[in-house]
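J.:
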Amino acid sequence: MNTDELKSVATTLVSKGKGILAADESSGTIKKRFDSINLESTEENRRSYRELLFTTQGAEEFISGVILFDETLRQKSKDGIPLAEVLAKKGIIPGIKVDKGAKELASFPGEKITEGLDGLRERLSEYRDLGARFTKWRAVITIGAGLPSQFCIDANSHALARYAALCHEAGLVPIVEPEVLMDGDHTIERCEEVTTATLKSLFSELKNHKVALEGILLKPNMVLSGKDCPAQAGVSEIAEATIRCFRQTVPEEMPGIVFLSGGQSPQEATEHLNAMNALGSHPWELSFSYGRALQEPVLKAWMGQAENVTKAQETFYHRAECNGAARHGNYSPDMERSPPKWLVNQLLRNYPLIIVVKHMFLNSGVDASPP
Ligand code: 13P
């Protein structure tokens, strides 16, 4: 294990103004996403969609890394270049989801345990050869009547720590993702309680497994009211509760926290991240590793049609730009309306042409000035 390399990858992933795109939807999940735009989930459609995201001009200004699914790491662009290489050429670090999904936890109805440790050492070595430099493992914790059990929290923390130790052995930065789901009618206070218990258990297991925290990233949920809770917490309450919870549980050696969006709307996810960064300086970088919050509007703009690719890429660039601003606490909802930076860049690129056209009109005596 080369600790300096691990540290360098982890800190690069949380560079100022940048975050991660989670594009690692498993075959079942991407099918659900494509169903929402009435598109069949064929291998070619999945490949084209991921290529659309990865080749977005300028995305590297705000995107430091992309988490891929196994299939995508083995796919090539239409020009025959491996998609991981397409990303690396833009200075974006390719990563890979390595867990095999959350399954029912035997003897604990309503709770889940993430599988995928068997054969993981061998898979990690192959993934590194294919160009991945970081990984992700997602554990799921459910809040409900009498849930979660401490047993479920600890079993998932144990698996996360075993995974993290194996990643370090393979020279890969593990993203550890214990997601406390926002499904249910629980209060924000209950979410804070469960998130605190989950993170305490996780960092205790990481310590037991001798995992160097400087070489990992944490991907947690924000502390939020349950989706069906009648009293929904506001932006500042969410930001304060989340920071309070993390200050009590997350060691300072951790280079960064990269939040999941977990069912928040794209704008909410950006506003919450922005509010946390605006609260001042924190011991760790506070960044994003969003799936749905970066991709939902892109899928809607694309609709699976080749003629919509440019519009979809512009939408992706704009969402990434908003979250890039939220990394500095500089996001404002006005950004949702103002012309995105890609448009300004495009105009600037064409500026010399605009000047020439204007001069031609002036010389011909036609008034080209704005009304
Ligand atoms: P969401 O941002 O859609 O929650 O996805 C993030 C992720 O990678 C879940 O594992």
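Sequence positions in the sequence shown follow the working numbering and run 1273 to 1643. Using N, Cα and C, we set each Cβ at its ideal position, and we do this for glycine too. Treat the numbers as computed from the prediction; the structure is a model and nothing was measured.
1) Go through its chain and collect everything with a Cβ distance to T1468's Cβ below 7 Å, but skip five positions before and after it.
2) Just list the residues that DSSP pairs R1410 with in beta bridges.
3) Does DSSP classify F1334 as helix, strand or coil?
4) Tell me whether F1341 sits in a helix, a strand or coil according to DSSP, three-state version.
5) Given this structure, state the Cα-to-Cα distance separating E1543 from G1291, to the nearest angstrom.
6) Using C-beta distances below 6 Å, list every residue in its chain close to S1429, excluding the 5 sequence neighbours before and after it, in chain order.
7) For the beta strand (DSSP E) that Y1562 lies in, which residues bound it at each end?
8) CA-CA distance, S1533 and C1501?
9) Per DSSP, L1489 forms a beta bridge with which residues?
10) On the premise that L1285 lies in contact with L1432, defined as a C-beta separation below 8 Å, what is that separation, rounded to the nearest angstrom?
11) From S1298, P1446, A1294, pick the residue whose C-alpha is nearest to that of P1527; which is it?
12) For E1568, which of D1276, T1283, Q1539, A1578 has the nearest alpha-carbon?
13) Below 7 Å, is the gap between the Cβ of A1294 and the nearest heavy atom of ligand 1?
14) Who are the Cβ neighbours of E1557 in its own chain at under 6 Å, not counting the five residues just before and after it?
15) Relative to the C-alpha of F1341, which candidate in A1378, P1523, A1484, L1293 has its C-alpha closest?
16) Quick check on DSSP: helix, strand or coil for K1472?
17) State the start and end residues of the unbroken alpha helix (DSSP H) segment that holds V1507.
18) Using the C-alpha atoms, what's the distance from A1505 back to L1419?
19) Check whether the Cβ atoms of L1355 and K1348 lie closer than 8 Å to each other.
20) For G1443, I'd like the list of residues in its chain whose CB is within less than 8 Å of its CB, leaving aside the five on either flank, ordered along the chain.
21) How about K1369 and D1296: are their beta carbons less than 8 Å apart?
22) Note down the Cα distance separating C1696 from E1449, rounded to an integer number of angstroms.
T.: Quick look at the numbers:
1) Shown here for T1468: same chain residues with a beta carbon closer than 7 Å to its own, the five before and five after excluded, namely C1517, Q1520, T1521 in chain order.
2) R1410 has E1449 as its beta-bridge partners, per DSSP.
3) Three-state DSSP puts F1334 in coil, outside helix and strand.
4) It is coil, neither helix nor strand.
5) Rounded to the nearest angstrom, the two C-alpha atoms are 15 Å apart.
6) Cβ neighbours of S1429 beyond the five flanking positions: S1473, L1474, E1477.
7) Where Y1562 is concerned, the enclosing beta strand (DSSP E) stretches over 1557-1562.
8) Their Cα atoms are separated by approximately 18 Å.
9) Partner(s): I1447.
10) Not quite, the Cβ-Cβ distance comes to about 18 Å (not below 8 Å), so this is no contact.
11) Taking only the C-alpha atoms, the option nearest P1527 is P1446.
12) Closest option to E1568, judged by alpha-carbon separation, among D1276, T1283, Q1539, A1578: Q1539.
13) Here the distance from the Cβ of A1294 to the nearest heavy atom of ligand 1 is below 7 Å.
14) Once the five neighbours on either side are set aside, the close Cβ partners of E1557 are V1286, G1528.
15) Looking at the Cα atoms, L1293 is the closest of the given residues.
16) DSSP places K1472 in helix when its eight states are reduced to three.
17) 1507-1521 is the extent of the alpha helix (DSSP H) around V1507.
18) The alpha-carbon atoms of L1419 and A1505 are separated by roughly 21 Å.
19) K1348 is positioned such that its CB atom lies closer than 8 Å to that of L1355.
20) These residues qualify, in order along the chain: M1273, N1274, E1277, L1278, R1400.
21) Yes, they are a contact pair.
22) The displayed coordinates of the chain run from 1273 to 1643. Any statement about residue 1696 would go beyond what the structure contains.
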